Structure formats: C-alpha cells, structure tokens
Amino acid sequence: MSDAEGLMWRLEKDPFLSSTFSNISILDRPMNVAAFMRRMHRATIAFPRLRQRVQPAPANLGAPFWQPDPYFDLAHHVRHIALPGNGSMRQLLDLATLFTADPFDRARPPWQFLIVDNVEGGRSALISKIHHTITDGEGGVLLSMQFIDLERDAPEPAPLPEPESVETNHADDESADVLRAALGDALRIPLSFVKQVRDALSDPASLPTTGAETAANVRAVMKQLGDTDPARSPLWTKRSLGRRLEALSVPYSTMREASQVLGGKLNTAFVTAAADAAGEYHRRLGAPVESLRTSMAVSTRTDEAASNAFTLVRLLVPTGEMPVEERFAAINEMTTSVRSGSGDANLDTLAGLAQALPISVLTRLARAQSQTVDFATSNVRGAGIPLYIAGARIAANHPVGPLGGVAFNLTLLSNDGNLDMGLHVDTAAVEQPELLRTCIEEAFTRIAQFAPQPAPSTKTDAPSESGTHSPVDTGVAAGVRKRRWWRRASQPPTEST
Numbered sequence: 045m046s047d048a049e050g051l052m053w054r055l056e057k058d059p060f061l062s063s064t065f066s067n068i069s070i071l072d073r074p075m076n077v078a079a080f081m082r083r084m085h086r087a088t089i090a091f092p093r094l095r096q097r098v099q100p101a102p103a104n105l106g107a108p109f110w111q112p113d114p115y116f117d118l119a120h121h122v123r124h125i126a127l128p129g130n131g132s133m134r135q136l137l138d139l140a141t142l143f144t145a146d147p148f149d150r151a152r153p154p155w156q157f158l159i160v161d162n163v164e165g166g167r168s169a170l171i172s173k174i175h176h177t178i179t180d181g182e183g184g185v186l187l188s189m190q191f192i193d194l195e196r197d198a199p200e201p202a203p204l205p206e207p208e209s210v211e212t213n214h215a216d217d218e219s220a221d222v223l224r225a226a227l228g229d230a231l232r233i234p235l236s237f238v239k240q241v242r243d244a245l246s247d248p249a250s251l252p253t254t255g256a257e258t259a260a261n262v263r264a265v266m267k268q269l270g271d272t273d274p275a276r277s278p279l280w281t282k283r284s285l286g287r288r289l290e291a292l293s294v295p296y297s298t299m300r301e302a303s304q305v306l307g308g309k310l311n312t313a314f315v316t317a318a319a320d321a322a323g324e325y326h327r328r329l330g331a332p333v334e335s336l337r338t339s340m341a342v343s344t345r346t347d348e349a350a351s352n353a354f355t356l357v358r359l360l361v362p363t364g365e366m367p368v369e370e371r372f373a374a375i376n377e378m379t380t381s382v383r384s385g386s387g388d389a390n391l392d393t394l395a396g397l398a399q400a401l402p403i404s405v406l407t408r409l410a411r412a413q414s415q416t417v418d419f420a421t422s423n424v425r426g427a428g429i430p431l432y433i434a435g436a437r438i439a440a441n442h443p444v445g446p447l448g449g450v451a452f453n454l455t456l457l458s459n460d461g462n463l464d465m466g467l468h469v470d471t472a473a474v475e476q477p478e479l480l481r482t483c484i485e486e487a488f489t490r491i492a493q494f495a496p497q498p499a500p501s502t503k504t505d506a507p508s509e510s511g512t513h514s515p516v517d518t519g520v521a522a523g524v525r526k527r528r529w530w531r532r533a534s535q536p537p538t539e540s541t
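Mapping of the sequence shown onto our numbering: residues 45 to 541, in sequence order.
Structural data, given as structure tokens:
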C-alpha cells in the first residue's frame, strides 16, 4: 500500500473515520446477471487488486500490504437480491445506506457489489461498495470500465488467462520477506525523528530544545495533524453512526453555462451550491451562520492508474445571505488558490510521517481534525455519454462519499447529461436530511438562473435512448466523444504496492 492508503486503513480503528465509499447506479431495466458475473470475473483478473486482501505489517512496522486471497470467491463479493413490494427509490436508498455502513470482512478483499431488482418503473440497480484503499472516486470510474459498455448489445471482450492459483503453505518462507519489507518501510523515517514527534505531541514545551531542522519537521507534522480550529456550525455539533442517503440530479449543460457566465468552473458552482444550501438550512432552523468549513477532495491524477490520487483541502466558505454572484466569486478565488497549491499538502507525504505515531494517537488526531470540518464535498469526473452494464443503460449514477467524522458529504458525478449527486448524512448532526436536500436543490436552481436561455428551436428532434441528447449524439460527433472517453481505459490499470 501507499502511505496514504495505509493511513486510511489504520484509521478505521475508529468507525467514525471509515473511508468506504459506494455508488448507486440506477439501470433502465434488469441487467443480464450471468453476463455481468462473467465481466466481473474478467475484471478481477485485469485488476488484480480485486483478488487481494489487506495484510497488516508485522508489529505495525510500515504500511499494510496487499496479498492474494487464496480463498477468493466472486459469489461473496457480487450478490443479487430484489426489493420487496413496490421497490421505491426510498427503499433503494435505505438499502444502500445499510449496505454502505456494513463494515468489510477484513479477511477478504474489501469490496462488494449488490445487484438489486424490482426497482420502481421496471428498473434495477447496482450498488457498488469499495474501500478507499483500493481506489479513489476517479479511480473507481476507471475500474468500472472493466464492466461498462458503450452499447446495449455490445459483444463481450475476450476472456483473459486465468490467474495462477495461490499457494497457502509457504507462510514461513514469506514471513521473512514480509518482515524485511516492513522494516524497510519503518526505517525510511529516522528513529530520532519518531521519538521527537512523539515527545513534541506529548510535551509541546520541549520543541525548542530540538535541533533546528528536526524542530521544523516536527512543527510541520504538528501543524498538519494538530490544527484544531473548531467547526463553525451551531447545529451540527453531534456525531453518531446513524446514516441516511438522499439523491438528486441537475442538468450538466445548464450548470456549466451558468458557471461560465459567473466567471468560473463547474466545480465552483458545485461548492457554491453546497455552501448556499448549508447556510439556508441554518437560517430556516433559526441558527444563521456566516461561514462554515468544508473539506474538498482535489484530484492529483496524472495517469490511467486506478489507485488513489487525491489530496484534501479545507475551505472556510461564506454561508450568510448574499447574492449568488458574490458567493460564487469568493469561492472561485478560494478553489483556484487551493488547486494551484494542492501539491504542497500531499496526503502521501503526511501519511508517511504519520507512520511514526501509534494508531491510538493517529485516531485521536484524525478525530480532532474531523471536528474542524462542517461538511465535505467531492466532484468526480464521469462520462457525458450513454453507458451500459450487461445490457441495461445507466439512467443515473449517485455516488456516496465517506463521512469521515463530518456532518454530511455531498459528492457529484457527471453522467450522460446530468450531474448526479449523493448526499450522505450523519443523522445526529443533520436532523432534517430532507430539508437539507431541498436546500441543495434550491441552491442549484438559483445558480441555474444565470445560464443563457436557449433560443426557440424550429427543429423537431427526437430524443435519443438516454432521453437527454439530441440526434447529434447518434452520429459522427457521438462516435468521437465515445472514443475520446473510452481511450482512458486503453491501458491496463497500474497499482501501488
């Protein structure tokens, strides 16, 4: 594992810090389950991480590592059920809430898919749950290309050679290699530095007595891990393991055009809507607040790897009553600034230094960090074209981001002409999730009013199968767009170890 992945895995000693994320794909009809199982079998060969479980390093010396699961069983990871009764969207969201919150069996690879039939309107769904150590949100999109098609009746790809069987009787031979690797990881950080980090955290008054270079390093660690400026919300002060999911969608083109008119990008509109909604929620409950702190995931992805490539930044966003354009401009300046400097706060660098600390200290620091943040946002790049899974079209794709100790997580995924969102709520903090969802929808409506109004059309264009595209998407332009998007999957995923 990379240092950041190891940190996420270790932090789950505290269940409030779970880094599991999921996705709810709404399909226009039931999928071909047998075909999907064949595609998933192939995916586990193309992406070996899906057949690997996490093995802790001996004595916690270094990051955990990935090890082939000798008892891997695809049927454990991909299951098939049907909703009872009328199969409402609320039933599906409640099922996804429980499915996402259920912890992984740590003796198996940390991922599961759930095929759900009997969704209202003759539809079905695929709920995918993946631990953040396997991949991040954008990496999950790349991984999904292993079982996604560009056509409803696309031919299945050629089978891949079966993986070699995993030997289970060489533990003694492997243990020495594992211990050597773990010691190598641990010795990347000088023992003197480890001691001084621990001493400084337990007795900050001792910091001036250390050497200048070491003191600077220790201060950097303490600054990043120990910043405890409290969250601002007077309402979202409680935390629990109670969860609720809400789903919403807005038109992609409308929000993109409104963002351009306002002088920024789509992500700025997204964060602006979240901030606007959070402030409105407080005002309606009689507790107005001028600013709240959000954490924002910033992608650092530069290749086709499906492993993690992101860092987190925190923004103190304006939530008081103000014109949309004023809030947008303020947040646009913030997001532009943090993106240009996001490399300075690399999560892997911080995680490498954090290996010097015991798990109990890490969880306390991480919990303290989470208490500085009111809510989280994440914008995941998806596809602007119709996509299919085992013969069923993806009608909507609602991502579910991890809470990590904050009041709510709002994650956005672009999908075939829409921006699909998942609102993941801690029910002890946000006592009225439906009201928050309504506030978010209204905030997007206010931003959408800045989009230019379309000119009256003299054509009568029949909608495409997706219901969101004009006939241009069925011609040459659509083919170009499909090839451009699919080219990202032309290389096999690479993995960090």
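Ideal placement from N, C-alpha and C gives every residue a C-beta, glycine not left out. Since we're looking at a predicted model, the values are computed, not measured.
Element boundaries [alpha helix (DSSP H), containing Leu409]: Note, Leu409: alpha helix (DSSP H), Ile403 to Ser414.
Ile403 to Arg283, Cα distance in whole Å? Taking the straight line joining both Cα atoms gives about 21 Å.
Exposed unless 16 or more other CB atoms sit within 10 angstroms - verdict on Glu208: exposed
Can you tell me which of the three DSSP states Asp58 falls into? coil
I need the DSSP call for Gln476, collapsed to helix, strand or coil. Note: Gln476 maps to coil in three-state DSSP.
From Leu336 to Ile171, what does the alpha carbon distance come to, in whole angstroms? Answer to the nearest angstrom: the Cα atoms are 31 Å apart.
Residue burial classification, Ile491 (beta-carbon count within 10 angstroms, cutoff 16): buried
So which of Leu94, Ala412, Leu306 and Val417 has the shortest CA-CA distance to Pro153? Leu94
Would Val424 and Leu456 be called neighbours here (beta carbons separated by less than 8 Å)? yes
Phe143, enclosing alpha helix (DSSP H) - first and last residue: Met133 to Ala145
Please go through the region 87–132 and give each complete beta strand (DSSP E) segment of 3 or more residues, from N-terminal end onward. 96–99, 109–112 and 122–126
Pick out whichever of Met340, Ser293, Met133 and Gln111 has its Cα sitting closest to the Cα of Ala151. Out of Met340, Ser293, Met133 and Gln111, Gln111 has the C-alpha closest to the C-alpha of Ala151.
Can you tell me the Cα-Cα spacing of Trp280 and Ile429, whole angstroms? Distance between the alpha carbons of Trp280 and Ile429: 38 Å.
Element boundaries [beta strand (DSSP E), containing Val333]: That residue, Val333, is in no beta strand (DSSP E); it is neither H nor E in DSSP.
Below 8 Å, how does it come out for the region 137–150 and the region 283–292: are there three or more Cβ pairs, yes or no? yes
With the cut-off set at 8 Å, would you say Arg327 and Leu479 are in Cβ contact? no
Looking only at its own chain, which residues have a Cβ that is under 8 Å from the Cβ of Pro27, when we skip the five neighbours before and after it? One cannot answer for residue 27 here, as it falls past the ends of the chain, which runs 45 to 541.
What number of angstroms, rounded off, separates the C-alpha of Arg196 from the C-alpha of Pro59? 40 Å
Am I right that Phe419 and Phe372 are in contact with their C-beta atoms under 8 Å? What's the rounded C-beta distance? Rounded, the Cβ-Cβ distance is 18 Å, inconsistent with contact.
Are the Cβ atoms of Leu61 and Thr407 separated by less than 8 Å? yes
For the ligand NAD, is there any heavy atom lying closer than 7 Å to the beta carbon of Gly129? Summarising the ligand content, the structure contains no ligands, and the ligand NAD is consequently not present.
Among Val417, Leu158, Tyr296 and Ser303, whose alpha-carbon lies nearest the alpha-carbon of Asp460? Nearest of Val417, Leu158, Tyr296 and Ser303 to Asp460, Cα basis: Tyr296.
Assign Asn67 to one of two classes, buried (16 or more other C-beta atoms within 10 Å of its C-beta) or exposed (fewer than that). buried
If you draw a straight line from the alpha carbon of Leu186 to that of Ala107, how long is it in whole angstroms? 25 Å
Which same chain residues end up closer than 7 Å to Val169 when comparing Cβ atoms and leaving out the 5 residues on each side of it in sequence? For clarity, residue 169 is Ala in the given sequence; the question names Val instead. Excluding positions up to five away in sequence, the list reads Ile68, Ser69, Ile70, Leu71, Leu136, Val160 and Val163.
Ala87 versus Tyr115, Gly466 and Pro203, residue with shortest Cα-Cα distance: Pro203
When burial is assigned at 16 or more other CB atoms within 10 Å of the CB, is Pro507 buried or exposed? Unreliable positioning characterises Pro507 in this predicted model, as indicated by a pLDDT of 38, which lies under 50. A coordinate reading is not provided.
Kindly indicate which residue of Pro74, Arg73, Pro496 and Thr64 has the alpha-carbon position closest to the one of Ala302. Pro496
Just to confirm, are Thr363 and Ala427 a CB contact at a threshold of 8 Å? no
Let me know the secondary structure DSSP gives Gln304 once reduced to three states. helix
Go through its chain and collect everything with a Cβ distance to Arg54's Cβ below 6 Å, but skip five positions before and after it. Ile403
How many Å lie between Ile89 and Ala440 at the Cα? 27 Å
Checking 8 Å against the spacing of the C-beta atoms, do Ser188 and Leu463 come in under that value? no
Name the residue from Asp273, Leu310, Asn376 and Phe91 whose alpha carbon lies nearest to the alpha carbon of Ala205. The displayed chain sequence assigns Pro, not Ala, to residue 205. The shortest CA-to-CA distance from Pro205 to any of Asp273, Leu310, Asn376 and Phe91 is the one to Phe91.
On the DSSP bridge assignment, give the partners of Ser66 in chain order. Lys173 and Val444
Put Phe494 into one of helix, strand or coil per three-state DSSP. coil
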